[in-house]
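In the numbering used here, the protein residues as written are 1 to 212.
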Amino acid sequence: MKEIDQLLLANRAWSAEMLCENPQFFNRNVTEHRPVFLWIGCSDSRVAPDQMTQAAPGGLFVHRNIANLVYPDDRNLMAVLEYALNVLEVPHVVICGHYGCGGIQAALEGTVEGPIADWLDHARQVLNDHRREIEALPAGDEQVNRMVEVNVRDQLLHLAGTAPVQQVFASGRPLTLHGWVYDLRDGHIKPLMRIDRDTVLAEVPKPERVLL
Ligand SMILES: [Zn+2]
């Protein structure tokens, strides 16, 4: 069977299973969209936010891009952020990176060109900002994985500095930003840091290394 047919067959089986568990499952989905979390993650197919958190449809509002980067001039991300914060009023935003990230590795090694290289500009900036620490580590996985951690930190700071986030912080409405990293080898998510309205952004430290 072709892989594409398998996808459609699996979809029908899933739909039947959901209906069997709860005949109202899809009725509820049609009328209600109240996720509690905005998830910003990497596009990597091995890092599936709904599956690894067992979130049901309706649980996560999701934005993904290569290396989970936050550009304040990324209109796609900024539209998602604006909608999540001001229409859905989610109280939590997660940025989740992952060890072994190919985007981070490419930024570190400088091995790609064209649109991917352009996109990874922010990741290269992370390397520039933490070059001494990264390059003191053995080349290979250790450098990549530490850069994954500091990348989550730096993107979380970019996120905290955006106008929509600053407006919610100023309004007093509850909002917490979470920086996490996912380990492909054991399936565990490891929390690295969090930022809320009381955090002084200029004093946010680097996260502890949790892997190596
Ligand atoms: Zn990745």
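The beta-carbon is built from N, C-alpha and C at its ideal position, and this holds for glycine as well.
Asked                                                                                                                   : Found
Other residues of its chain near Arg231: CB distance less than 8 angstroms, five sequence neighbours each side excluded : Residue 231 lies beyond the residue range present for the chain, which begins at 1 and ends at 212; the question has no answer from this structure.
Sequence-distant residues of its chain with Cβ nearer than 7 angstroms to Lys206 (five each side left out)              : Val150 and Arg153
Any non-hydrogen atom of ligand 1 within 7 angstroms of His122 CB                                                       : no
Closer than 7 angstroms: Gly102 CB and nearest ligand 1 heavy atom                                                      : yes
Sequence-distant residues of the same chain with beta carbon closer than 7 angstroms to Ser43, five excluded per side   : Arg64, Asn65 and Ile66
Asp44 beta carbon near ligand 1 (any heavy atom closer than 7 angstroms)                                                : yes
Neighbour-count burial assignment, Val200, 16 or more Cβ in a 10 Å radius                                               : exposed
Whether Ile95 touches Gln51 by CB criterion (8 angstroms)                                                               : no
Alpha-carbon spacing of Ala136 relative to Glu142, whole angstroms                                                      : 10 angstroms
heavy atom of ligand 1 below 7 angstroms from His178 C-beta                                                             : no
Cβ-based burial, Gly110 [other Cβ within 10 Å; buried from 16]                                                          : exposed
Own chain residues within Cβ distance below 7 angstroms of Gln105, not counting five before or after                    : Val144
Candidates Ala13, Leu184 and Pro35, of which the one nearest Gly58 by Cα                                                : Pro35
Cβ-heavy atom distance, His98 to ligand 3, below 7 angstroms                                                            : As far as ligands go, the structure on display features ligand 1 and does not contain ligand 3.
Straight-line gap, Ala170 to Asp196 (C-alpha atoms, nearest Å)                                                          : 11 angstroms
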